[in-house]
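One structure is given here, and the rest of the page talks about it.
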């Protein structure tokens, strides 16, 4: 996770606990709505991130938002928060959304902020990304993960909106195997956030969603 200067500040607040057993630090529920072009192929995806309430609180406090604690944002506060998690994305950053087709990555364009709100103490942000080359929905593979495993993403079938008769099928990650791999990595070397990213630790814990489409 390298996409936000505000989140980087929060990471610094949590860094005293050290890496390894403290990961992940934040939890995000993911929603995806795939948009099609005139030819019926997927042309863009709308991504919704609902942050856990504690992480949301840290962000709000860091940005001095919702000072009255009423759980509602003013228009001015919402404007300040809009796009907070889209700041300073490096060119090689995948946005923690990984799409594959026939074993090859599906490239996504840069994000465009598309709304933010506060719901039951949780920040819920939305952004849209266009596919660089549209693809058919059938056999699309979807994974949501932060390579450093700072954030744990949850991607449920009911939160994925696909075109036509297409449906998402979830293959749960083998979390016991992931934990074993992580223990081995910790024993072999001092684990840092950089090595988490290099090892793609977040991918070990990520569920895989495969799209099937009827006739």
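In this note's numbering, the protein residues as written are 20 to 234.
Even glycine gets a Cβ: it sits at the ideal position worked out from N, Cα and C.
Here the structure is a predicted model, which is why all the values come from computation and not from measurement.
Within this structure, are the beta carbons of residue i and residue j separated by less than 8 Å?
| i | j | result |
| --- | --- | --- |
| residue 105 | residue 146 | yes |
| residue 141 | residue 70 | yes |
| residue 156 | residue 230 | yes |
| residue 166 | residue 148 | no |
| residue 46 | residue 196 | no |
| residue 43 | residue 168 | yes |
| residue 57 | residue 65 | no |
| residue 143 | residue 189 | no |
| residue 135 | residue 194 | no |
| residue 181 | residue 204 | no |
Below 8 Å on the Cβ atoms is my contact criterion, and I expect residue i with residue j to pass it. Report the Cβ-Cβ distance as a whole number of Å.
| i | j | result |
| --- | --- | --- |
| residue 128 | residue 151 | 6 Å |
| residue 191 | residue 179 | Going by Cβ atoms, the distance from residue 191 to residue 179 rounds to 15 Å, so no, they are not a contact pair. |
| residue 88 | residue 137 | About 11 Å; that fails the 8 Å criterion. |
Determine the extent of the beta strand (DSSP E) in which residue i is found, giving its start and end residues.
| i | result |
| --- | --- |
| residue 72 | Careful: residue 72 lies outside any beta strand (DSSP E), inside the alpha helix (DSSP H) at 72-81. |
| residue 230 | 227-232 |
| residue 48 | 45-55 |
| residue 133 | 131-138 |
| residue 178 | 170-180 |
| residue 143 | 141-154 |
| residue 163 | 159-163 |
| residue 187 | 185-190 |
| residue 6 | The first residue shown for the chain is 20 and the last is 234, placing residue 6 beyond what the model contains. |
Spatial neighbours of residue i within its chain, please: CB distance less than 7 Å, with the 5 preceding and 5 following residues excluded, ordered by chain position.
| i | result |
| --- | --- |
| residue 41 | The predicted position of residue 41 is uncertain, since its pLDDT is 47 and thus under 50; a value taken from the coordinates is nonetheless stated next. Correct list: empty, nothing qualifies. |
| residue 125 | 118, 119, 150 and 154 |
| residue 18 | For residue 18 there is no data in the structure shown, the boundaries of the chain being 20 and 234. |
| residue 132 | 101, 102, 105 and 146 |
| residue 62 | 54, 55, 56, 149, 150 and 153 |
Can you give me the start and stop residues for the alpha helix (DSSP H) that residue i sits inside?
| i | result |
| --- | --- |
| residue 205 | 194-207 |
| residue 94 | 94-100 |
| residue 222 | 220-223 |
Check whether chain D comes within 8 Å of residue i, counting only Cβ atoms and requiring the distance to be less than that.
| i | result |
| --- | --- |
| residue 103 | No chain D appears in the structure shown, which is made up of a single protein chain. |
Closer than 6 Å by C-beta to residue i: which residues in its own chain qualify, once you throw out the five before and the five after it? Chain order, please.
| i | result |
| --- | --- |
| residue 79 | 85 |
| residue 67 | 50 and 145 |
| residue 74 | 45 |
Is any heavy atom in the ligand ZN found nearer than 7 Å to the beta carbon of residue i?
| i | result |
| --- | --- |
| residue 136 | The model on display carries no ligand, and the ligand ZN is accordingly not part of it. |
By Cβ distance below 8 Å, which residues in the same chain neighbour residue i in space, the five residues on each side in sequence not counted?
| i | result |
| --- | --- |
| residue 83 | none |
| residue 35 | Here the model assigns residue 35 a pLDDT of 44, short of 50, so the residue's position is not dependable, and the following value carries that caveat. Once the five neighbours on either side are set aside, residue 35 has no close Cβ partner at all. |
Query raised in the report: Counting pairs of beta carbons, one from the stretch 154-166 and one from the stretch 105-121, are three or more of them closer than 8 Å?
Result: The answer is yes - the stretch 105-121 touches the stretch 154-166, with three or more Cβ pairs under 8 Å.
Query raised in the report: Does the stretch 167-183 come close enough to the stretch 45-54 that 3 or more CB-CB pairs lie under 8 Å?
Result: Output reads yes: the stretch 167-183 touches the stretch 45-54.
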